[in-house]
Amino acid sequence: MEARDAIGASRAIGTGGGPSRSLQAPSPRYGEKAIEAILGLCALLSVVTTTAIVISLLEPSIDFFGQVSLKEFLFGTAWAPTFTPPEFGVLPIVLATMVTSFWGLLVAIPLGLGAAIYLSEYASPRARKTIKPTLEVLAGVPTVAIGFFALFFMRPVLEDLLPFLPWSGPQAAGVAGLAVGLMIVPIIASLSEDAMSAVPTGLREAAYGLGATKMRVATRVVLPAALSGIVASIVLATSRAVGETMIVLLAAGASPNLTVGFTESVQTMTAFIGQTATGDIATGTVTYYTIFAVGLLLFLMTLILNMISIRLVRRFHEAYD
Amino acid sequence: MTSSKWLTIVACVSVLALGVGACGDDDETSGGGGDLSGTIRIDGSSTVAPLSEAAAELFQAEQPGVKVTVGTSGTGGGFEKFCAGETDISDASRPIEEDEIAACKSNGIAFEEVQVANDALSVVVNPENPVECMTVEQVSQIWDRGSKVDSWGDVKGLEADVGDEGMELYGPGTDSGTFDHFTEAINGEEGVTRSNYNNIGEDDNGVINGVAGDEWALGYVPYSYVEESAGKVKPLQIENPESGECVAPTVETVQDASYVPLGRGLFVYPSGEALQKQEVLDFLTFYISENDPITEAATFVPMTEAQKEASQQKVDSLVEG
Amino acid sequence: MAALGPQAERTRLAAAGARSVTRAAILSGQPLKDVIKGRIFFALLLLALGLALLGLAALILDAVIDGRSMLSLDLLTNSASRISPETAGYANAIYGTILLIGGVLVMTVPIGIGSAIYLEEYADRTKWWNRVVELNIQNLAAVPSIVYGILGLAFIVRGPLDLGFILFAGSITLSLLVLPTVIIAAREAIRAVPPSIREGSFALGATRWQTVRRQVLPAAIPGIATGVILAVSRAAGETAPLLLVGAATFVTFDPTVFGDNGYTALPVMIFNNAKQAQPEFHVLAAAGIVVMLAVILLMNSFAIWLRNRYEQRW
Numbered sequence: 001m002e003a004r005d006a007i008g009a010s011r012a013i014g015t016g017g018g019p020s021r022s023l024q025a026p027s028p029r030y031g032e033k034a035i036e037a038i039l040g041l042c043a044l045l046s047v048v049t050t051t052a053i054v055i056s057l058l059e060p061s062i063d064f065f066g067q068v069s070l071k072e073f074l075f076g077t078a079w080a081p082t083f084t085p086p087e088f089g090v091l092p093i094v095l096a097t098m099v100t101s102f103w104g105l106l107v108a109i110p111l112g113l114g115a116a117i118y119l120s121e122y123a124s125p126r127a128r129k130t131i132k133p134t135l136e137v138l139a140g141v142p143t144v145a146i147g148f149f150a151l152f153f154m155r156p157v158l159e160d161l162l163p164f165l166p167w168s169g170p171q172a173a174g175v176a177g178l179a180v181g182l183m184i185v186p187i188i189a190s191l192s193e194d195a196m197s198a199v200p201t202g203l204r205e206a207a208y209g210l211g212a213t214k215m216r217v218a219t220r221v222v223l224p225a226a227l228s229g230i231v232a233s234i235v236l237a238t239s240r241a242v243g244e245t246m247i248v249l250l251a252a253g254a255s256p257n258l259t260v261g262f263t264e265s266v267q268t269m270t271a272f273i274g275q276t277a278t279g280d281i282a283t284g285t286v287t288y289y290t291i292f293a294v295g296l297l298l299f300l301m302t303l304i305l306n307m308i309s310i311r312l313v314r315r316f317h318e319a320y321d
Numbered sequence: 322m323t324s325s326k327w328l329t330i331v332a333c334v335s336v337l338a339l340g341v342g343a344c345g346d347d348d349e350t351s352g353g354g355g356d357l358s359g360t361i362r363i364d365g366s367s368t369v370a371p372l373s374e375a376a377a378e379l380f381q382a383e384q385p386g387v388k389v390t391v392g393t394s395g396t397g398g399g400f401e402k403f404c405a406g407e408t409d410i411s412d413a414s415r416p417i418e419e420d421e422i423a424a425c426k427s428n429g430i431a432f433e434e435v436q437v438a439n440d441a442l443s444v445v446v447n448p449e450n451p452v453e454c455m456t457v458e459q460v461s462q463i464w465d466r467g468s469k470v471d472s473w474g475d476v477k478g479l480e481a482d483v484g485d486e487g488m489e490l491y492g493p494g495t496d497s498g499t500f501d502h503f504t505e506a507i508n509g510e511e512g513v514t515r516s517n518y519n520n521i522g523e524d525d526n527g528v529i530n531g532v533a534g535d536e537w538a539l540g541y542v543p544y545s546y547v548e549e550s551a552g553k554v555k556p557l558q559i560e561n562p563e564s565g566e567c568v569a570p571t572v573e574t575v576q577d578a579s580y581v582p583l584g585r586g587l588f589v590y591p592s593g594e595a596l597q598k599q600e601v602l603d604f605l606t607f608y609i610s611e612n613d614p615i616t617e618a619a620t621f622v623p624m625t626e627a628q629k630e631a632s633q634q635k636v637d638s639l640v641e642g
Numbered sequence: 643m644a645a646l647g648p649q650a651e652r653t654r655l656a657a658a659g660a661r662s663v664t665r666a667a668i669l670s671g672q673p674l675k676d677v678i679k680g681r682i683f684f685a686l687l688l689l690a691l692g693l694a695l696l697g698l699a700a701l702i703l704d705a706v707i708d709g710r711s712m713l714s715l716d717l718l719t720n721s722a723s724r725i726s727p728e729t730a731g732y733a734n735a736i737y738g739t740i741l742l743i744g745g746v747l748v749m750t751v752p753i754g755i756g757s758a759i760y761l762e763e764y765a766d767r768t769k770w771w772n773r774v775v776e777l778n779i780q781n782l783a784a785v786p787s788i789v790y791g792i793l794g795l796a797f798i799v800r801g802p803l804d805l806g807f808i809l810f811a812g813s814i815t816l817s818l819l820v821l822p823t824v825i826i827a828a829r830e831a832i833r834a835v836p837p838s839i840r841e842g843s844f845a846l847g848a849t850r851w852q853t854v855r856r857q858v859l860p861a862a863i864p865g866i867a868t869g870v871i872l873a874v875s876r877a878a879g880e881t882a883p884l885l886l887v888g889a890a891t892f893v894t895f896d897p898t899v900f901g902d903n904g905y906t907a908l909p910v911m912i913f914n915n916a917k918q919a920q921p922e923f924h925v926l927a928a929a930g931i932v933v934m935l936a937v938i939l940l941m942n943s944f945a946i947w948l949r950n951r952y953e954q955r956w
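Chains Y, B and P are the protein sequences, given in the same order. The first sequence begins at 1 in my numbering and counts up one residue at a time. The second sequence begins at 322 in my numbering and counts up one residue at a time. The third sequence begins at 643 in my numbering and counts up one residue at a time.
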């Protein structure tokens with residue numbers, strides 16, 4: 001039906017004479033507009049969610065900053081909101097978040113990308129069909145389980161492997177970071193592999209035709225072509241690592257030490273929120289409001305991180321044919 | 322049929338089987354011939370939760386028509402829901418605070434503090450450690466704010482031969498009732514503590530594991546964890562400030578109040594409105610009268626007869642008032 | 643006379659390796675250097691994959707070993723117990739998790755795909771509000787799960803929606819949590835469909851929605867399925883937000899989606915068990931992890947079958 005309309009319209013213009021018919025569709029296509037509106041509403045839900053989050057975080061935070069100065073919050077170096085007297089310097093927990101995420105990404109990016117390249121370029125279709133889902137099972141392991149695994153398995157093993165480090169106590173920032181890394185490997189691996197698979201085979205074949213080795217095709221042709229998808233997966237994984245609660249709560253501990261040591265026990269922002277929100281603090285106290293202030297800070301930090309990364313992704317996106 | 326279709330069928334059938342299996346079980350647990358029905362919502366401290374859970378299970382065995390759920394939002398979170406009328410009973414490991422009392426009042430929620438068990442906070446060391454007994458003063462030396470005690474030799478007046486070994490400290494989460502009680506009993510004020518120790522966060526087992534793994538470590542945990550650790554740690558005797566005798570934390574010493582100052586009571590807060598429901602009243606009466614098997618299951622110290630009577634009186638007064 | 647001992651073995655291996663590389667170089671016509679680099683690269687890739695799989699294997703084995711004394715089908719049919727851990731099971735928690743995940747699927751799949759389609763196919767990228775939506779979604783992916791719990795408590799359980807502490811509220815909270823993942827993955831999948839497919843469809847006179855529905859979406863299903871798998875897996879394993887929106891940690895009956903009797907989920911119960919003082923509950927927690935993995939595997943299998951069926955390479 002639609003094709004006939006189009007042809008009819010173009011024929012009218014082609015002949016030059018006769019009743020003029022425009023190339024517009026004969027009906028305004030309300031169905032299309034309705035669908036666009038529905039889809040737009042779906043996308044709008046994300047804005048609604050963000051607004052709701054900001055509202056639920058903002059009001060208690062305002063109460064909080066009425067009692068604690070912004071300067072002490074942002075620049076203080078001791079975090080002890082439940083002690084007497086309380087201290088509200090947020091630097092230790094911010095640093096802890098960054099350190100654990102750093103170790104996580106250090107593990108996840110090479111492992112994830114390596115697995116993705118193997119699955120996309122080297123593996124046989126049979127191997128791919130079994131290995132990729134196996135990796136995705138890792139994404140389904142409850143974070144509680146990974147946390148206990150890090151505490152009871154990884155920590156002793158790492159102490160045996162690296163005895164020269166100053167180990168003390170069962171909780172360590174580095175171990176938690178590595179466990180977070182293990183958790184986000186499937187995000188990077190699966191999404192990057194999808195991106196690489198979507199690169200047209202023609203590109204690969206052209207490269208092979210020019211005499212490129214498999215490694216060169218993988219690293220010089222496929223990887224750059226899939227870069228936007230890969231970067232998107234890494235950004236998603238980073239977001240996940242920064243926002244992870246349970247693993248760091250169990251494996252890194254709850255001592256807000258201001259340190260970057262691999263073996264030190266630290267408390268990340270999320271661990272603090274997770275513990276305090278389900279702890280015994282009375283609601284409505286300044287100590288309780290710290291949850292929201294830290295949550296707001298975390299929200300703002302990731303906002304800035306994402307603004308930067310969106311710029312990067314846009315630069316790298318390449319379309320083919 | 323292709324293998325992928327087989328996979329789907331197997332998956333669907335398994336899910337169905339799980340569902341049916343999960344559903345079909347409830348009827349088998351109907352034991353006693355109780356004829357009550359209804360729902361009881363309990364929420365609050367995760368320390369008291371095992372007691373409420375044991376009580377719920379035993380009660381439901383007699384009254385299968387009553388559905389009892391126990392949540393662990395923390396004492397503060399529990400009170401918030403309780404004072405908003407969303408729960409029937411609040412588990413608490415610390416007494417209700419001013420703000421919370423005000424919130425309950427403004428919502429017209431009447432309540433009573435009903436004791437359901439005793440607990441003995443224990444200071445634990447590794448079994449290899451020669452120290453057997455400590456005074457409150459010595460524990461405070463170690464744990465007070467600004468304490469410079471780094472090794473066992475720094476503690477004044479210890480009778481055992483400890484040389485100058487370095488001390489590794491472990492403590493539970495700083496937003497817990499355990500923390501509040503310990504700091505108040507030992508250091509004189511809630512929240513007053515040194516800050517450089519291993520804060521193990523959510524899981525009190527972390528203190529047990531930490532102390533068990535280090536010959537010169539010291540920590541403090543609730544009684545149940547010491548009892549269940551089966552000798553992995555050694556609870557220290559605390560010198561009773563009045564009698565001067567070293568008292569070990571046992572069921573007897575807590576019940577006869579000779580284990581001071583670290584013995585404490587554990588409480589639940591029922592609301593007057595909830596007690597109008599027959600099932601809630603029966604549940605609380607059950608909780609108090611069946612105290613012995615309940616506390617044994619959860620490894621807490623049972624109440625004395627006097628305490629039971631006092632608790633029952635409080636419940637009765639709330640029902641009438 | 644050939645030397646004996648380890649040195650001879652090493653020499654033999656080195657010689658064999660050099661021989662195979664040289665043969666490959668001669669046969670493929672590539673310079674020797676490239677062949678060596680290629681082999682090393684391949685070995686590194688395998689190492690990366692191997693380490694990741696090793697981590698997963700260690701985790702599963704650790705859970706199986708720790709929980710082996712309690713692993714039995716009874717775990718699937720028995721209810722939770724505080725009194726007798728030997729006969730405790732996860733039946734009600736499994737049912738709760740399945741219901742929660744069902745709700746998450748029902749909500750995230752249409753909304754997630756719808757948002758992705760809008761952002762990729764309909765939205766004008768130069769308009770600032772579309773960029774705001776993009777930024778929003780990416781930011782939401784980084785918000786810690788506990789903050790979604792706070793959001794759920796303030797707006798879904800209480801507040802405007804005022805649903806109370808029901809399982810559906812937990813489903814909504816989890817859906818909001820994983821929606822960004824679905825949207826981002828779906829967007830990448832849709833973006834990866836070559837424009838020539840769309841242009842060909844338009845040239846034949848199809849409307850935008852027809853193009854999306856008939857050409858773009860089927861081509862993008864594998865990538866979307868990946869996103870849904872990752873998202874739903876995460877939702878199934880979350881503990882913290884559920885605790886805040888009212889999931890109990892002790893429930894001995896089967897929950898219903900809208901009933902207000904209370905509900906629980908597998909990871910919540912596992913966490914609660916692991917925190918107990920009695921060592922029997924630690925074993926139960928490890929067994930619970932094995933059960934959880936089995937449930938995840940089952941759920942993933944279906945989506946993977948779907949993905950494999952629609953896979954295509956351009």
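Each residue gets a CB set at the ideal place from its N, CA and C atoms; glycine is no exception. For clarity, every value in this text was computed on a predicted model and none was experimentally measured.
With residue i and residue j assumed to form a contact (beta carbons below 8 Å), what rounded beta-carbon distance in angstroms separates them?
i        : j        : result
B:Ala506 : B:Pro562 : Their Cβ separation, rounded to whole angstroms, is 11 Å, which puts B:Ala506 and B:Pro562 out of contact at 8 Å.
Y:Glu136 : Y:Pro186 : 5 Å
P:Ile825 : P:Ala758 : 5 Å
Between which two residues does the alpha helix (DSSP H) holding residue i run?
i        : result
B:Ile417 : Counting along the chain, B:Ile417 falls outside any alpha helix (DSSP H), and DSSP gives it neither H nor E.
B:Ser443 : First-last for B:Ser443: 443 to 446, but that is the beta strand (DSSP E), not the alpha helix (DSSP H).
P:Glu762 : No alpha helix (DSSP H) contains P:Glu762, which DSSP labels as neither H nor E.
B:Val640 : 626 to 641
P:Gln852 : 850 to 853
Y:Asp63  : 30 to 67
Rounded to whole angstroms, what's the CA-CA distance from residue i to residue j? Just pull it up for me.
i        : j        : result
P:Arg767 : Y:Arg314 : 11 Å
B:Ser531 : Y:Ala252 : The identity of residue 531 of chain B in the sequence shown is Gly, whereas the question assumes Ser. The straight-line gap from Cα to Cα measures roughly 13 Å.
Y:Ala241 : B:Phe380 : 43 Å
Y:Val90  : Y:Trp79  : 6 Å
Y:Lys71  : P:Val789 : 24 Å
Y:Pro81  : B:Ser367 : 21 Å
B:Thr499 : Y:Leu45  : 42 Å
Y:Phe149 : P:Leu701 : 6 Å
Y:Leu250 : B:Ser610 : 37 Å
P:Ile792 : Y:Val54  : 11 Å
B:Leu596 : B:Glu641 : 10 Å
B:Asp356 : P:Pro883 : 36 Å
Y:Ser228 : P:Arg855 : 24 Å
Just grab the DSSP bridge partners of residue i for me.
i        : result
B:Thr390 : B:Arg362
Y:Leu79  : Sequence inspection shows Trp at residue 79 of chain Y; the Leu mentioned does not correspond to that position. According to DSSP, Y:Trp79 bridges with Y:Phe88.
B:Ile559 : B:Met455, B:Val568
P:Ala685 : DSSP, once it has assigned bridges, lists no residue as partnering P:Ala685.
Ends of the beta strand (DSSP E) at residue i?
i        : result
Y:Ile281 : Where Y:Ile281 is concerned, there is no enclosing beta strand (DSSP E), given that its DSSP letter is neither H nor E.
B:Tyr590 : 584 to 591
P:Ile759 : Per DSSP, P:Ile759 belongs to no beta strand (DSSP E); it is in the alpha helix (DSSP H), 733 to 759.
Starting from the N-terminal side, write out each stretch of the alpha helix (DSSP H) that is 4 residues or longer and does not extend beyond the stretch 863 to 897 of chain P.
-> Within the stretch 863 to 897 of chain P, the complete alpha helix (DSSP H) runs of at least 4 residues are 882 to 886.
Taking only runs of the beta strand (DSSP E) that begin and end inside the stretch 466 to 541 of chain B, which ones reach a length of at least 3 residues, in chain order?
-> Counting only runs of 3 or more, we get 489 to 492.
Going along the chain, which unbroken runs of the beta strand (DSSP E) with 3 or more residues stay wholly within the stretch 115 to 175 of chain Y?
-> Scanning the stretch 115 to 175 of chain Y from its first residue to its last, no whole beta strand (DSSP E) run of 3-plus residues comes out.
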